[in-house]
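Here is the structure we will look at.
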Amino acid sequence: VRCKLDVLADFTQAAAESAWRAGDSFGFIGCDERLRRDWLLPPTRRRGLGSLLAQRLRRLDPQGSALGLTEAARALPHRRALVFLVSDFHLPIADLEAVLGGLAHHEVVPVLVWDRQEFDPPRNGLIQLADPESGEQTLVWMRPALRERWRAVQAGRRVALQALFHRHRLDPLVLDDGYRADAVSAHFVQG
C-alpha cells in the first residue's frame, strides 16, 4: 500500500504542476468508503498545491475500500473536465461501472496504480497478503498451484477491466512500475 501511495502522491504533484503551468485549474477529490470532505479541493489555480497534496498523501493511512468513488461525480464541476481517476481498481466491476457511468460527461483517464506482485506473486514461500478493501492481513504459503490459480484470477480481472474501459471508450494509463513522467507522456502521445 505504501508504494501505491507514493505513486499517487507523485502523480498528483505532477498533474497539479502541469495544470498550473498550462494556466488550468486543478482540483482533488479523495475517497475511501465515502467521499472524504477533508480530501476535497475545489478547482483552483493556486501554485504549489501539488507538493502540499503529495506530502499529505505520503502520510495517509488508508482505511477500507474506495467505494466512495461512486459519489465523486457529484463533487465535480458541471462543465466538462479532464478527470484522472486514480485507483488500484480492485472494486467490484459493477461498482466501477457505476463510477464510470457517473463520470460519462467528463473526459476520463483511468490511472491504474498497481504493484507487479499483485499479479505475479513469489514462486514459493510464506507471504503476507493484505485485502485491498478491508486492509486485513493474513499469511499464506505460496506454492506453485496456488500461484498459478492466483495468476489466472488476476489475468481474468485484467480482461474484465479492459472490457469495462473498452465499453466506456477509455484508454487507461497503467502505472505498475512507479510514477514515471516519460510513461505518462508516452500514454498521451500514443493515445
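Heads up, the sequence shown is in the working numbering, so the first residue is 982 and it goes up one at a time.
Even for Gly, the Cβ is constructed at its ideal location relative to N, Cα and C.
Non-local beta-carbon contacts of A1056 in its own chain, meaning distances under 8 Å to residues more than five positions away in sequence, involve I1010, L1016 and L1021 in chain order. By the criterion of a C-beta distance shorter than 8 Å, L1107 is surrounded in its chain by L1120, V1121, W1122 and M1123, once the five residues flanking it on both sides are discounted. With a threshold of 16 other beta carbon atoms within 10 Å, P1023 falls short and is exposed. A distance below 6 Å between beta-carbons, with the five flanking residues on each side excluded, links G1083 to the following residues of its chain, in chain order: A1054.
Using a Cβ distance threshold of 8 Å, A996 and F1065 count as a contacting pair. A direct Cα-to-Cα measurement between L1156 and L1093 gives close to 6 Å.
DSSP, read as helix, strand or coil, puts A1047 in coil.
DSSP links W1122 through a beta bridge to L1107. Here E1078 is not bridged, per DSSP, to any residue.
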